[in-house]
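*Asks:* Sequence order for the protein chains is A and B.
Position 238 of the first sequence, counted from 1, bears residue number 239 in this note's numbering, the numbering being contiguous throughout.
Position 299 of the second sequence, counted from 1, bears residue number 300 in this note's numbering, the numbering being contiguous throughout.
Number of protein chains: 2
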Amino acid sequence: MGAEGFRFDLIKGRARGPRLGVLHTAHGDVETPVFMPVGTQATIKATSPEQAWHAGARLILANTYHLYLKPGHEVVSSLGGLHEFMGWSGPILTDSGGFQVFSLSSLRKIEEQGVTFRSHIDGSTHFISPEKSIEIQHSLGADIIMCFDECPPYPVTLEQARSSRARSARWAERCLAYHAGRVACRSGFNGEPSGTGEAGSGKRQALFGIVQGSVYEAERTASAREIAALDFDGCAIGGLSVGEPKEMMLSALEWSIDPLPERKPRYLMGVGTPEDIIQAVARGTDMFDSVLPTRIARHGAALTNRGRLLLKNAEFGDDGSPIEEGCDCYACREFSRGYIRHLFKAKEPLALTLATIHNLRFMANFMARLRDAIAADEFSGFAENFRGTYARRTGRKE
Amino acid sequence: MGAEGFRFDLIKGRARGPRLGVLHTAHGDVETPVFMPVGTQATIKATSPEQAWHAGARLILANTYHLYLKPGHEVVSSLGGLHEFMGWSGPILTDSGGFQVFSLSSLRKIEEQGVTFRSHIDGSTHFISPEKSIEIQHSLGADIIMCFDECPPYPVTLEQARSSRARSARWAERCLAYHAGRVACRSGFNGEPSGTGEAGSGKRQALFGIVQGSVYEAERTASAREIAALDFDGCAIGGLSVGEPKEMMLSALEWSIDPLPERKPRYLMGVGTPEDIIQAVARGTDMFDSVLPTRIARHGAALTNRGRLLLKNAEFGDDGSPIEEGCDCYACREFSRGYIRHLFKAKEPLALTLATIHNLRFMANFMARLRDAIAADEFSGFAENFRGTYARRTGRKE
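(1) Am I right that B/F387 and B/P275 are in contact with their C-beta atoms under 8 Å? What's the rounded C-beta distance?
(2) Using only CA atoms, which one of B/C152, B/P350 and B/G382 lies nearest to B/S215?
(3) Of all Cβ atoms in chain A, is any one closer than 8 Å to the Cβ of B/F7?
(4) What's the call for B/E385, buried or exposed, on a 16-neighbour Cβ count within 10 Å?
(5) Based on Cα-Cα distance, which residue from A/Q206, A/F383 and A/V157 lies nearest to A/Y179?
(6) Please say whether A/L60 and A/L24 have beta carbons closer to each other than 8 Å?
(7) Tell me whether the segment 374 to 385 of chain A and the segment 72 to 86 of chain B touch, counting them as touching only if at least three CB pairs, one residue from each stretch, are closer than 8 Å.
(8) Hey, is B/S337's beta-carbon within less than 8 Å of any beta-carbon in chain A?
(9) Of the residues A/H28, A/Q161 and A/D290, which one's Cα is nearest the Cα of A/P34?
(10) Would you say B/Q138 reaches chain A, if we count a Cβ-Cβ gap shorter than 8 Å as a contact?
(11) Quick one, which of A/P92, A/A181 and A/A56 has its alpha-carbon nearest A/A4's?
(12) Run the CB neighbour count on B/G235, radius 10 Å, all protein chains shown included, and call it buried at 16 or more, exposed below.
(13) Across which residues does DSSP place B/S107 in a beta bridge pair?
(14) Tell me, to the nearest whole angstrom, how far the beta carbon of A/E32 is from that of A/R342; I am working on the premise that it is less than 8 Å.
(15) Check distances from the C-beta atoms of the segment 37 to 50 of chain A to those of chain B and list, in chain order, the residues that come in under 8 Å.
(16) Any idea if A/K110 is buried or exposed, counting beta-carbon neighbours within 10 angstroms, 16 or more meaning buried?
(17) How far does the alpha helix (DSSP H) with A/T357 in it reach, from first residue to last?
(18) Pick helix, strand or coil for A/E112, following the three-state DSSP scheme.
(19) Bridge partners of A/K391, per DSSP?
(20) Out of A/A63, A/R168, A/F100 and A/G210, which has the shortest C-alpha to C-alpha gap to A/L141?
(21) Determine, for A/T95, whether the minimum Cβ-Cβ distance to residues of chain B falls below 8 Å.
(22) Whose Cβ in chain B lies nearer than 7 Å to the Cβ of A/Q319?
(23) List the residues of chain B whose Cβ lies closer than 7 Å to the Cβ of A/E349, in chain order.
(24) Count the other CB atoms, across all protein chains shown, that sit within 10 Å of the CB of A/A219; report buried if there are 16 or more and exposed otherwise.
(25) Whole angstroms are fine: how far does the CA of A/P262 sit from the CA of A/E136?
(26) Which residues in the same chain have their Cβ closer than 6 Å to the Cβ of B/M269, if we skip the five residues on either side of it in sequence?
(27) Give, in chain order, every unbroken run of the alpha helix (DSSP H) that is at least 4 residues long and sits entirely within the segment 251 to 300 of chain A.
(28) When DSSP labels each residue in this structure, what does A/T44 get in the three-state scheme?
(29) Which residue comes first and which comes last in the alpha helix (DSSP H) that contains B/F209?
(30) Can a CB atom of chain B be found closer than 8 Å to the CB of A/H127?
(31) In chain A, which residues lie with their C-beta within 9 Å of the C-beta of B/T65?
(32) With 8 Å set as the bound, which would you pick, yes or no: does the beta-carbon of B/F380 sit closer than that to a beta-carbon of chain A?
(33) In whole angstroms, what is the alpha-carbon distance linking B/F118 and B/F100?
(34) Tell me the DSSP secondary structure of A/E379 in three-state form.
(35) Could you tell me whether the segment 5 to 20 of chain B touches the segment 309 to 323 of chain B, using the rule of 3 or more Cβ pairs below 8 Å?
See below:
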């Protein structure tokens, strides 16, 4: 099928190992490997779109589950779709809501048709099916949307992993069929999308399938083959970084990536830390998302090349140096550790903003250097250097 | 005496009635009448200096009491003084700490020498005298600093008002003597300020006296004469907007301004609303400060020319229009009422930031239009029009 306006070009690398690529979207191009900051409720917490953009955020993620519940996807749609709503003119990816339905809501009833659950906000009852998730994501109008899948926790039995993987495969086909049908239907309507303008048009939205299978090789392989066989615009690896040991995650990632087509983007959902990203890039992953950099910022932890810096520490009280010497972010250009510590201790909102800006910038710069290293055939050296320096401070300070 | 680098030019108007002027400071010129946003803890809550500047803030106020307690004026001084510390390159005014000592702290003991009080943060005991207040303000290094005065609440008896006014007068002389002494001493030191660089130099700091006297005409007049007789760089009117009826405030303001020198700036402390500013400008006031625009923003109230708009109201849920049509602030240029309502309902920090930016911009634009009206000899027409339009919505929505 293929979404209009969406294309992935693999610039360097093959099916495995570090790769360079470009995601072309209707809202601009994005170089991969890319890290996506998370704007759960249609805002990257504690920053304006302007600040996040200047900090280097390009492709960002918003959560379908949260926006469906509040303010409601119809409201977002009536206000022009997600880009217009949140004032973000760059590309956006929405998840399917599946992960949150399985992790945040209560009283879930999972059936073949879909999932009935209670809102974590007000306890109201809702039903989301694969079709409904795609419909909501059409309303939101992100550039990249995701299949609705069943996300098993860790650990599950092989039996559970298999049954869940099989259901996710059936749901993936239903998502694709619904997406294709709606797109065809929309295209047929005077050639104009019937949605709420460009942002809401399924025509321009890329749909990614999701590999599941918990930590079992046979299930991961089977799932990846199922997803690879379908006409998705990209392939995500889901169900990882949910508590399993790091080694297991990396093995499951390898099993998941192995059967995937070389020329489609691979997206490892919910990862993560710079260390994990290096490991996953080494195994052929192109896209990442995590709340980590923005969440730890709000708790006063800054990412630096020497590890995490705990900004509330008393030692920084009269420290006139920036969070990280040489960093070009607004926080480091304009403010001292002493001032930022004061803001945290005084519970000033600007504390969260400055730490978030710094961590966004750190991730953007980190990914840019990582891409440069791949381009220069120096990825392993970069990875080794980074890990050596990064681990030292993290070890000392935490 | 006169502070180097500080000068007030009266451009239009006389001792009474609306006036236009320019405050020249080492950190830039400011047109008067001016409204000063408040950055209590060395930050205008929920905004970056960049955002506040773009929203039109120029001369801002920081609170000596709060900064003395946290992070401590020595820390601010060691980090380069207030401008450097908070990343604000425009002019800054600090209050004396008196108002907060009298309103926030507990277990006050007021003696002729100074005030002993307990911190509202941790209960620790502190002593601030007129000299100590000036010393702290020298450390902080604002462009304009204030006398330490006794701020009686409302109501007090005539007897209390008189005794308090007399003490404030004695304290004013001590502040001036200490400031002059330190300035002379600093000037004598190789011609270089002995403080922590330019920002911390008493030489360049203007000192304002403060008129007190509660709501009693004789006391206000006596206090204003006492302040007028001393060599201050400007004259503030304190002790108002503390709960007294509006009519009383305006009378007390008139009694306070009447004896003041024509060519020094007059600053009405803690005021306030656009309506009050219009009344005070009509009576010859040049400077204002209030937490109101930024505080109500954080509670979801936006200032508009048609009164306050309560952004959390359900009616704005799918409203695609900006907070105020025609407003040139970042919030109004980029976002809808519907989105900002969503941010408030979702408790996102960006809600506070956008509402604060809008209210800062509203106040800056309001003061600019007010100055234009004075320049065009149309102040009464402007005041009448504004009040007519503003009152309608405020009446309807609250």
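Here a beta-carbon is modelled for each residue, glycine too, at the ideal position from N, C-alpha and C.
*Replies:* In terms of the structure at hand:
(1) Indeed they touch by this definition, with Cβ atoms about 7 Å apart.
(2) For the residues B/C152, B/P350 and B/G382, the minimum Cα distance to B/S215 belongs to B/C152.
(3) At a cut-off of 8 Å between beta carbons, B/F7 makes no contact with chain A.
(4) B/E385 comes out exposed.
(5) Answer by Cα proximity: A/Q206.
(6) Taking 8 Å as the cut-off, the Cβ atoms of A/L24 and A/L60 count as close.
(7) Judged by Cβ distances under 8 Å, the segment 374 to 385 of chain A makes no contact with the segment 72 to 86 of chain B, as fewer than three pairs qualify.
(8) Under the Cβ criterion of 8 Å, B/S337 is counted among the residues facing chain A.
(9) Nearest C-alpha to A/P34: A/D290.
(10) So no, B/Q138 is outside the interface.
(11) Among A/P92, A/A181 and A/A56, the Cα nearest to that of A/A4 belongs to A/A181.
(12) Flag for B/G235 reads buried.
(13) B/R119, per the DSSP bridge assignment.
(14) Going by Cβ atoms, the distance from A/E32 to A/R342 rounds to 35 Å, so no, they are not a contact pair.
(15) Those residues of the segment 37 to 50 of chain A that come within reach of chain B (Cβ to Cβ, closer than 8 Å) are Q42, A43, T44, K46, A47, T48, S49 and P50.
(16) When all chains shown are included, A/K110 counts as exposed.
(17) Looking at the DSSP string, the run of the alpha helix (DSSP H) that includes A/T357 is P350 to A376.
(18) In the structure shown, A/E112 falls within a coil segment according to DSSP collapsed to helix, strand and coil.
(19) Going by the sequence as given, residue 391 of chain A is Tyr instead of Lys. The partner list for A/Y391 (beta bridge, DSSP) is empty, contrary to what the question assumes.
(20) The shortest C-alpha separation from A/L141 is found at A/A63.
(21) Cβ-Cβ to chain B under 8 Å: no for A/T95.
(22) Before going on, a small fix: residue 319 of chain A reads as Asp here, not Gln. By Cβ distance, chain B contributes V76, S79 and L80.
(23) Near A/E349 (Cβ distances below 7 Å), the residues of chain B are Q42, T44 and K46.
(24) By the 10 Å Cβ count, A/A219 comes out exposed.
(25) If I take the Cα positions, the gap works out to 27 Å.
(26) The question names Met, yet the displayed sequence has Leu at residue 269 of chain B. Counting only Cβ-Cβ distances below 6 Å, and skipping sequence neighbours, we find I238, A281, T286 and F289.
(27) The DSSP assignment places 275 to 283 and 293 to 299 as complete runs of the alpha helix (DSSP H) inside the segment 251 to 300 of chain A, in order along the chain (cut-off: 4 residues).
(28) In the structure shown, A/T44 sits in coil (DSSP, three-state: anything other than H, G, I, E or B).
(29) Counted as a single uninterrupted DSSP element, the stretch harbouring B/F209 is not any alpha helix (DSSP H) but the beta strand (DSSP E) occupying residues A207 to V212.
(30) Not one chain B Cβ lies under 8 Å of A/H127.
(31) The premise fails here: B/T65 is roughly 15 Å from chain A at the closest Cβ pair, so nothing lies under 9 Å.
(32) Using beta-carbon distances, B/F380 does not count as an interface residue toward chain A, since no partner is under 8 Å.
(33) One C-alpha to the other measures close to 12 Å.
(34) A/E379 falls in the coil class under three-state DSSP.
(35) With a cut-off of 8 Å on Cβ pairs, the segment 5 to 20 of chain B is not in contact with the segment 309 to 323 of chain B, counting fewer than three such pairs.
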